[in-house]
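Working notes, beginning with the structure itself.
In the numbering used here, the protein residues as written are 45 to 178.
Set out below in structure tokens:
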């Protein structure tokens with residue numbers, strides 16, 4: 045269900061297709077197939093010449109992987125990127141599409157709001173996110 049919901053929170057021009065969302069002790073993982081040129085565009089290549097070299101090694105479509113931590117800060121759900129890779133290459137977190145972080149946070153928040161409870165915490169296990177509320 046989370047995979048279906050994620051699609052509705054991502055922008056239509058999001059550069060990753062076939063996204064898959066999973067929960068584990070390590071965090072919230074998102075994977076899919078990325079358009080290399082939309083992630084490492086000309087602006088990125090100019091700022092990060094080493095990524096231009098990585099881009100030259102990658103095909104037009106590559107595997108995409110990102111992991112986020114989830115926690116509470118000042119009573120608010122906080123989603124924080126932990127890792128990001130394209131085609132097996134580690135990419136700086138600053139280049140991770142911001143729409144993905146927003147989509148994950150919005151997805152979880154929208155589901156919590158439906159309950160009417162106040163969230164006090166979140167914990168992640170294999171295959172599930174447990175929301176602590178009162």
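In this text, a Cβ means the ideal position worked out from N, Cα and C, and glycines have one as well.
Taking a contact to require three or more Cβ pairs closer than 8 Å, the stretch 58-67 and the stretch 76-86 qualify as touching. Per DSSP, the unbroken alpha helix (DSSP H) holding residue 150 starts and ends at 142-157. Proximity of the stretch 116-124 to the stretch 84-97 falls short of the contact definition, fewer than three beta-carbon pairs being nearer than 8 Å.
Under the three-state reduction of DSSP output, residue 138 falls in the helix class. Counting of Cβ neighbours within 10 angstroms places residue 104 among the exposed residues, the total staying below 16.
For residue 177, the closest of 84, 156 and 100 by C-alpha to C-alpha distance is 156. In this model, residue 81 and residue 66 are separated by some 25 Å (Cα to Cα). Contact annotation: residue 170 and residue 107 have beta-carbon atoms that are not nearer than 8 Å. Inter-residue distance for residue 147 and residue 54 is about 6 Å (C-alpha atoms, whole angstroms). Under the 10 Å beta carbon count, residue 71 is surrounded by 16 or more other beta carbons and is classified as buried.
Between residue 83 and residue 152, the alpha-carbon positions lie close to 25 Å from each other.
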